[in-house]
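Okay, structure first, notes after.
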Amino acid sequence: MKRKNLQKSAPLSLLILMLVFTFSCKKKAPEPDEKTIQQGKLSATWSVNEVENDGSDVTDQFTGFTLTINQLNYSTQNGGNPWPSSGTYDFKGTDLFTLLRSDGTEIKIEELTSTTLVLSFNYTSVNGRTLGVTGDFTFSLTK
């Protein structure tokens, strides 16, 4: 008699056991790709530390400069000619250290840590005529 009860309850026990294992297994979230990780590192509000234009210190021309990056969008305050007030960017192909700004400017990430961002690029204005307006720029920024 016990054997018949055991035979009847075995499939039910097996089914319950399978359901418990099925629903208790948590699926891991997919690991973010390198591009997503790099976007996360860039996403912040960065403040000016130092600005060089063609090797000359022009930090005083960018007092109060901030660069806010959120995903593939950016906005600036007190960016002068080299920085539009807002726009978008993307990475240059698979190169996660070269950005292409929506105005066509190619920006090189020279350094990126949890507190420091150093960007370099060449900016040419149609009416470029004075120091701090056109040329090779290096922006050293901090969080």
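For the sequence shown, the numbering used here assigns the number 173 to the initial residue and increments by one for each residue that follows.
Beta carbons: idealized from backbone N, C-alpha and C, even for Gly.
Please read these numbers as outputs of a predicted model, since none were measured by experiment.
Please list, in chain order, all residues of the same chain as Ser258 whose beta carbon is under 6 Å from its beta carbon, the five residues on each side excluded. Residue numbering aside, residue 258 sits at position 86 when the sequence shown is read from its first letter. Correct list, in chain order: Ser247.
Exposed or buried, which one is Thr306 when buried takes at least 16 other CB atoms within 10 Å? Taking the sequence shown and counting its residues from 1, one reaches residue 306 at position 134. Thr306 should be labelled buried.
Please determine, among Val220, Asn242, Val230, Ser292, the residue with the shortest C-alpha to C-alpha distance to Glu283. By one-based count along the sequence shown, residue 283 stands at place 111. The shortest C-alpha separation from Glu283 is found at Ser292.
To the nearest angstrom, how far is it from the Cα of Lys200 to the Cα of Gln211? For the purposes of this step, residue 200 is identified with residue 28 of the sequence shown, where counting begins at 1. For the purposes of this step, residue 211 is identified with residue 39 of the sequence shown, where counting begins at 1. So the two alpha carbons sit approximately 22 Å from each other.
Nearest to Ile241 by alpha carbon, out of Leu289, Phe309, Phe234? In the sequence shown, the residue the question calls residue 241 occupies position 69. Among Leu289, Phe309, Phe234, the Cα nearest to that of Ile241 is on Leu289.
Note the first and the last residue of the continuous alpha helix (DSSP H) segment covering Thr208. Translated into positions along the sequence shown, residue 208 becomes position 36. Start and end: 206 to 214.
What is the rounded straight-line gap between the Cα of Pro204 and the Cα of Val230? Residue mapping note: residue 204 aligns to position 32 of the sequence shown, counting from 1. Residue mapping note: residue 230 aligns to position 58 of the sequence shown, counting from 1. Taking the straight line joining both Cα atoms gives about 38 Å.
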